[in-house]
Amino acid sequence: MYDGFNTWSFLLGLPLGLVIAGIVWFINWRIGKKQRRYDERYRNIHRQARSYSWLATTGAILIGWMVAMLLEGPGLAFFILTAIWVIHMTSYGVGAAIANSKN
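Our numbering numbers the first residue of the sequence shown as 1 and each following residue consecutively.
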């Protein structure tokens, strides 16, 4: 491997970082729940923000897809962007089906 890379530090640090991030998230969630930050208005605002984000991501993937095709042709970048596009659209379809079944 690399000269300065310590595998054990990495194997211990990655799960430790995930645990610390989880604890911070949980504490933040508890404080927010006590302050009533997560009401219906909060959920509606963030649902709309995710919708705008999804549209922006769709546009970015399409632009990246066209740039990869024009500059590189059908190479690795094109197939990676195609896989991301398929996952992106499939997750939207599944999400829409779940939302439709709840209403």
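Idealized CB from N, CA, C, for every residue including glycine.
When DSSP labels each residue in this structure, what does residue i get in the three-state scheme?
i   : result
F5  : coil
P15 : helix
Going along the chain, which residues of its own chain have a beta-carbon closer than 7 Å to the beta-carbon of residue i, five neighbours each way excluded?
i   : result
A68 : A77, F78, L81
Beta-carbon within less than 8 Å of residue i's beta-carbon, same chain only, minus the 5 sequence neighbours each way: which residues are those?
i   : result
T58 : H88
L18 : none
P74 : none
So, at 6 Å on beta carbons, what are the nonlocal neighbours of residue i in its own chain, with the 5 sequence-adjacent residues on each side left out?
i  : result
G4 : none
- Task: Take every Cβ of the segment 43-51, pair it with every Cβ of the segment 77-94, and state whether three or more of those distances are shorter than 8 Å.
- Result: As far as the Cβ criterion goes, the segment 43-51 does not touch the segment 77-94, which means the pair count is below three.
- Three or more beta-carbon pairs under 8 Å between the segment 58-72 and the segment 84-92, yes or no? Taking 8 Å as the limit for Cβ pairs, the verdict is that the segment 84-92 does touch the segment 58-72.
- Let me know the alpha helix (DSSP H) ranges lying completely inside the segment 9-81, each 4 residues or longer, listed in chain order. Runs of the alpha helix (DSSP H) inside the segment 9-81: 40-71.
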